[in-house]
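Residue numbers (our numbering): 182 to 278.
The block underneath contains the structure these notes are about, expressed in structure tokens.
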């Protein structure tokens, strides 16, 4: 997967038969950053997809905000856990909508 916001790799991608997917504010295609992998297919008992998502969200907020406090990191971690607890019990996929 190559994310190419500046359209620098499209020519070489086409030359190698790559599938191009337009992902933008106005496109019909979106990436759900909150989607989890199929938990039944995880190989390693040490895999922690919910912890990984909490870390992803913390990184996302750190890149958006100039500073993220320890209290805010705790909130992100707690809310992420609660959201995925609902995901696991009610079988719904969380989104950023």
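Even glycine gets a Cβ: it sits at the ideal position worked out from N, Cα and C.
**Asked** What separation, rounded to the nearest whole angstrom, lies between the Cα atoms of residue 207 and residue 213?
**Response** 15 Å
**Message:** For residue 223 and residue 231, what's the separation of their Cα atoms in angstroms?
**Reply:** 12 Å
**Message:** The alpha helix (DSSP H) that contains residue 191, what's its start and end?
**Reply:** 191–196
**Item:** Unbroken alpha helix (DSSP H) run spanning residue 232, endpoints
**Value:** 230–245
**Request:** Determine the direct distance from the alpha carbon of residue 204 to that of residue 264, and round the result to whole angstroms.
**Result:** 25 Å
**Message:** Buried or exposed for residue 235, going by 16 or more other Cβ atoms inside 10 Å?
**Reply:** buried
**Request:** For residue 238, count neighbouring C-beta atoms within 10 Å of its own C-beta (all shown protein chains included) and say buried if the count is 16 or more, exposed if not.
**Result:** buried
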